[in-house]
Amino acid sequence: MQPLAINHFSIVNALGSGAAAVARALSEGRTGLARCGFETVTLETWVGEVAGLDAVRVRSDLAAYDCRNNRLAQAGLEADNYADAVAAAREKYGAARIGVFMGTSTSGILQTELAYRRRDPQTGALPADFHYVESHNTFSLAKFVQRYLGLTGPAFVVSSACSSSAKVFGHAARMMAAGVCDAAVVGGVDSLCLTTLYGFHSLGLTSRAPCRPFDVDRDGISVGEGAGFALLENILSTGAGGGMRLLGVGESCDAYHMSTPHPEGLGAQLAMQHALDSAGLTAADIDYVNLHGTATKASDPSEDKAVHALFGETPVSSTKGATGHLLGAAGITEAIISLLAIEHGLLPGGLHTRTLDPQLLSNYLLANKQARISRVLSNSFGFGGSNCSLVFGRDT
Amino acid sequence: MMRVFVEGIGLLGPGLNGWPASRALLTGDAAYVETPTVVPASDWLPPAERRRTGLPVKLALAAGREAFVHAGRDAAITATVFTSSSGDGENLDHICTTLATDDRDISPTRFHNSVHNAPAGYWSIATRSQAPSTSLCCHDASFAAGLLDAATQVAVDGKPVALITYDQPYPQPLHAVRPITVSFGMALVLTGQSTDRAFATLDVSYGAAAATVTRMPDHGLERIRASVPAARSLPLLAALARAAPAVIVLAYGDQHLRVEMTPWPRP
Numbered sequence: 013m014q015p016l017a018i019n020h021f022s023i024v025n026a027l028g029s030g031a032a033a034v035a036r037a038l039s040e041g042r043t044g045l046a047r048c049g050f051e052t053v054t055l056e057t058w059v060g061e062v063a064g065l066d067a068v069r070v071r072s073d074l075a076a077y078d079c080r081n082n083r084l085a086q087a088g089l090e091a092d093n094y095a096d097a098v099a100a101a102r103e104k105y106g107a108a109r110i111g112v113f114m115g116t117s118t119s120g121i122l123q124t125e126l127a128y129r130r131r132d133p134q135t136g137a138l139p140a141d142f143h144y145v146e147s148h149n150t151f152s153l154a155k156f157v158q159r160y161l162g163l164t165g166p167a168f169v170v171s172s173a174c175s176s177s178a179k180v181f182g183h184a185a186r187m188m189a190a191g192v193c194d195a196a197v198v199g200g201v202d203s204l205c206l207t208t209l210y211g212f213h214s215l216g217l218t219s220r221a222p223c224r225p226f227d228v229d230r231d232g233i234s235v236g237e238g239a240g241f242a243l244l245e246n247i248l249s250t251g252a253g254g255g256m257r258l259l260g261v262g263e264s265c266d267a268y269h270m271s272t273p274h275p276e277g278l279g280a281q282l283a284m285q286h287a288l289d290s291a292g293l294t295a296a297d298i299d300y301v302n303l304h305g306t307a308t309k310a311s312d313p314s315e316d317k318a319v320h321a322l323f324g325e326t327p328v329s330s331t332k333g334a335t336g337h338l339l340g341a342a343g344i345t346e347a348i349i350s351l352l353a354i355e356h357g358l359l360p361g362g363l364h365t366r367t368l369d370p371q372l373l374s375n376y377l378l379a380n381k382q383a384r385i386s387r388v389l390s391n392s393f394g395f396g397g398s399n400c401s402l403v404f405g406r407d408t
Numbered sequence: 044m045m046r047v048f049v050e051g052i053g054l055l056g057p058g059l060n061g062w063p064a065s066r067a068l069l070t071g072d073a074a075y076v077e078t079p080t081v082v083p084a085s086d087w088l089p090p091a092e093r094r095r096t097g098l099p100v101k102l103a104l105a106a107g108r109e110a111f112v113h114a115g116r117d118a119a120i121t122a123t124v125f126t127s128s129s130g131d132g133e134n135l136d137h138i139c140t141t142l143a144t145d146d147r148d149i150s151p152t153r154f155h156n157s158v159h160n161a162p163a164g165y166w167s168i169a170t171r172s173q174a175p176s177t178s179l180c181c182h183d184a185s186f187a188a189g190l191l192d193a194a195t196q197v198a199v200d201g202k203p204v205a206l207i208t209y210d211q212p213y214p215q216p217l218h219a220v221r222p223i224t225v226s227f228g229m230a231l232v233l234t235g236q237s238t239d240r241a242f243a244t245l246d247v248s249y250g251a252a253a254a255t256v257t258r259m260p261d262h263g264l265e266r267i268r269a270s271v272p273a274a275r276s277l278p279l280l281a282a283l284a285r286a287a288p289a290v291i292v293l294a295y296g297d298q299h300l301r302v303e304m305t306p307w308p309r310p
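Protein chains in written order, with my numbering: chain A, 13 to 408; chain B, 44 to 310.
This is the structure we're talking about:
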């Protein structure tokens, strides 16, 4: 693919608000995970909760969109002067020439869960303040972002579970290559809700402790929440060089099982190989791999086999011990962490992992490492066997 | 503008039992009578997986399979774009109802079926396809978004793509706030080059040009088009059934999707 410029991005999650806060937390090896005290949830697990969302309200002209997911989206749009950068792009390209492609797994479903508790005892009806279009429908996130930013170009939500906000990069790149839009707001938002917490618990996939990717005693994920956005532009239209680039996108399916990855990681390996091919690179060109690394019993070995087969001794780590698993927002979050890794020369060591699983062969970093790096591959894999790998680099 | 060739169509809707049987109803050559959508049980999935699937998966698999048989193309190596406004509303209602009680034990199967890409996941298992697949949502414009995305993939990647769109009515209480009236599934197999199987071209363009959204002349079919996002595809299907050049306009957010359908080879 034609590389695309990423000169603006923003990030909000349990590590903090904005790229500087997240980069600082990563360099200090700090985790955003804490014992779950979310809402009325009584599970013995840890979560990566974004503080203060209950006090946030979305912009008054968009009041009908008010829900945890869109509050988090707004926090992301306001971080890192992202909305200002998009406003400048709107002046440059026109509102109709900027696409909005958002990833989410559950959008504003928490709002629906809460509304179901307030059904009319006689009729069963949902409360009158329930806004289906603005908070329930999966598209509500992209519609909110589009309206918040004053954009009128092509828009949709990609909802392919935990690969959602990685896949949006592929959609945007194709839309731009086809001339449907000149620039794209890509990103993703997922917020804590009961469906995912109780759902992953029902599958026995939530850890009782902070998640420990690649640890011999790993016992599941820590669910997190967060928002991330990037602005994709054609390199020629951005002028100055030296910026960050989206170099490649690779997608595949496992064709194996709905909630268990292929044991040999065949789908994962295909996605990574496609991403390298699309970037015109080989595995040796990659300096660091940001793993999907969820810390479940089944998924770490699957990814490890695929990563080790392709990358051998290349340093790898999962940052989910710091952020938690952001599900539909994991792709964009780890994409931005990959960009921060390049910008700061920081290969983040995985947190909470004490004893590496001897069955896992990849060169998993247990401590931060400083090194000038140019290219990073980031993995995002989801339920339904949906795989996406992204390659980012610095313009050289 | 992007040109794609249509190689195969699959269709399941109320009184619309497959593409061959639906053509005369869509052209108006036979009287349309609405009857409940019949979704055949799929023997494509292993029995263990089949038992776990909800109606949207069955709809998507049946429509997709018909389109691939029509196209004579191998589903195992073809990329897919799934698009739906509402996903599995029955499953979602069950989960939200359970979570509103003190006993919050939701079933693991219901949870993994709750992802919007459940049909794509089951499709990949059924067809053993490792080809790229995506799952989109754009509320009322979900079909338009899927068609634009599929056409873009064909144009940019130069490979065939199957577009599969489906929607199912919500149970109450969500039905009251989102009244999707019937179950509807539709699939198109699209390619970038002319093949022996291609029977129409679609020139797809996205833009702001003032345009009136294309409707169905038949009142019954128009009611379905207007109430079911996946059935926004009906005017395009009617044009394909008539096999005469036509321009179809689909609403898409603040703009429109314009689809110029021409029979192939050119008449």
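For glycine and all other residues, C-beta sits at the position ideal for the given N, C-alpha and C.
Computed from a predicted structure; not experimentally measured.
Look at Y75/B here: in three-state DSSP terms it is coil, with no helix or strand label. Residue range 94-105 is occupied by the alpha helix (DSSP H) that includes Y105/A.
Taking D210/B as the centre and dropping the five residues before and after it, the same chain places the C-beta of S127, S128, S129, I223, F227, V271, P272, A273 closer than 6 Å to its C-beta, in chain order. Contact note: A251/B reaches chain A through A108, using a C-beta cutoff of 7 Å and chain order. The beta carbon of M259/B is closer than 7 Å to those of E265, R268, L277, P278, A281 in its chain, skipping five residues each way along the sequence. Taking CB atoms only, P175/B has a neighbour in chain A less than 8 Å away. Interface annotation, E276/A: not in contact with chain B, CB-CB separation never under 8 Å. Taking C-alpha positions only, R257/A is separated from S249/A by approximately 13 Å.
Assignment of alpha helix (DSSP H) within the region 108-150 of chain A, counting only whole runs of 4 or more residues, yields 121-129 in chain order. Look at the region 183-238 of chain A and you find these whole runs of alpha helix (DSSP H), each 4 residues long or longer: 206-214. Contact check for G240/A against T150/A fails: the beta carbons are separated by 8 Å or more. In the DSSP annotation of this structure, the continuous segment of the beta strand (DSSP E) that includes E263/A starts and ends at 256-265. Under a criterion of Cβ atoms nearer than 7 Å, the residues of chain B adjacent to A173/A are, in order, V158, N160.
G260/A is a Cβ neighbour of L288/A, given a cutoff of 8 Å. No Cβ-Cβ contact shorter than 8 Å links S65/B with S398/A.
DSSP places Y213/B outside any beta strand (DSSP E), giving it a letter other than H or E. Per DSSP, Q298/B lies in no alpha helix (DSSP H); the unbroken beta strand (DSSP E) holding it starts and ends at 298-306. If you look at N82/A, you'll find it in the alpha helix (DSSP H) that goes 80-90. Just so you know, the alpha carbons of A195/A and H182/B end up roughly 23 Å apart. In this structure the region 149-167 of chain B touches the region 98-117 of chain B; the number of beta carbon pairs closer than 8 Å is three or more. The Cβ-Cβ distance between G343/A and S314/A does not fall below 8 Å.
Going by DSSP, V68/A is part of no alpha helix (DSSP H) at all; its letter is neither H nor E. CA-to-CA, the gap between V302/B and A289/B works out to about 8 Å.
Sixteen is the threshold: since fewer than 16 other Cβ atoms of the shown chains lie within 10 Å of the Cβ of D146/B, the residue is exposed.
Chain B places no beta carbon closer than 8 Å to that of L338/A, leaving this residue out of the contacts. In chain order, Q173 make up the part of chain B whose C-beta sits under 8 Å from the C-beta of L282/A.
A straight line joining the alpha-carbon of T195/B with that of V169/A spans about 16 Å. Residue contact with chain A for S178/B: present (Cβ-Cβ distance below 8 Å to some residue of chain A). Around the CB of V225/B, 16 or more other CB atoms lie within 10 Å, so the residue is classed as buried. For the region 186-197 of chain A, the beta-carbon criterion of a distance under 7 Å to any beta-carbon of chain B is satisfied by R186, M187, A189, A190, V192. For T126/B, the enclosing beta strand (DSSP E) begins and ends at 122-126. Under the three-state reduction of DSSP output, Y160/A falls in the helix class.
Residues of the region 219-231 of chain B with a C-beta atom less than 8 Å from some C-beta of chain A are A219, V220, R221, listed in chain order. By the beta-carbon neighbour count (other beta carbons within 10 angstroms, threshold 16), A383/A is exposed. Approximately 19 Å separates the beta-carbon atoms of N93/A and F156/A; this is outside 8 Å, ruling out the contact. Residue contact check for R129/A against chain B: a CB pair falls below 8 Å.
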